[in-house]
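What follows is one structure encoded as structure tokens, with my remarks underneath.
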Amino acid sequence: MTRCMICITAKFMVAPCWSREDMKMTPSHRETGKPALRQTTGEADAKAHEHMLARHKLVESMIRNNEQQLRNESARGGAEIERECALRALAASADSVQAQQQVKATAARLEVLDEERFRLIAEREWLNSSLLEFEEALEQPGLKAKGHA
């Protein structure tokens, strides 16, 4: 039998909540007016469960990607501040070797952070398109959204 959602009782016990589509009238029950629960193989439920788990992993990946993008933006902001300080130090003493090395080091660090930023953006675009594919797959027969999400 399929469950449309899980109801949590006040004591946190899990109880199934059956949808109307799971109820159907059989010829023997038409006279009594009592519906009988439809029997299913569980194959559709297993497929929907696998789909839900894969979508969940995809959403978790999107969350991790977002976290990495925020960290990258923060690191880039810090590197830009360091670069400006190094440029100011270089302008104050044009022949300072240490200031020149600092400018080169911050430029290299910004280049690495920019490459990481572009990689994260590309990964995010791929994750977004994958999520859209999952959402479109729900429209296929045999898979339907169940529960609350």
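Residue numbers for the sequence shown follow our numbering, beginning at 5 and rising by one.
C-beta: ideal position from N, C-alpha, C; glycine also.
Member of the options whose CA lies at the smallest distance from the CA of residue i
{"i": "serine 65", "options": "Ala52, Ala141 and Leu135", "result": "Leu135"}
{"i": "glutamate 86", "options": "Asn76, Val107 and Val101", "result": "Val107"}
{"i": "glutamine 72", "options": "Ala83, His53 and Arg121", "result": "Arg121"}
{"i": "glutamate 129", "options": "Ala50, Ala52, Asn70 and Glu54", "result": "Asn70"}
{"i": "glutamate 127", "options": "Arg92, Ser78, Ile67 and His55", "result": "Ile67"}
CB of residue i within 9 Å of CB of residue j, strictly
{"i": "leucine 94", "j": "alanine 103", "result": "yes"}
{"i": "leucine 62", "j": "leucine 142", "result": "no"}
{"i": "leucine 124", "j": "arginine 80", "result": "no"}
Whole-number beta carbon distance between residue j and residue i, since they are thought to touch under 8 Å
{"i": "arginine 59", "j": "phenylalanine 138", "result": "5 Å"}
{"i": "alanine 90", "j": "threonine 110", "result": "6 Å"}
Endpoints, alpha helix (DSSP H) assigned at residue i
{"i": "aspartate 118", "result": "101 to 141"}
{"i": "glycine 82", "result": "47 to 96"}
Residue i Cβ short of 8 Å to the ligand ATP heavy atom set
{"i": "isoleucine 125", "result": "Looking for the ligand ATP in the displayed structure turns up nothing, as the structure carries no ligands at all."}
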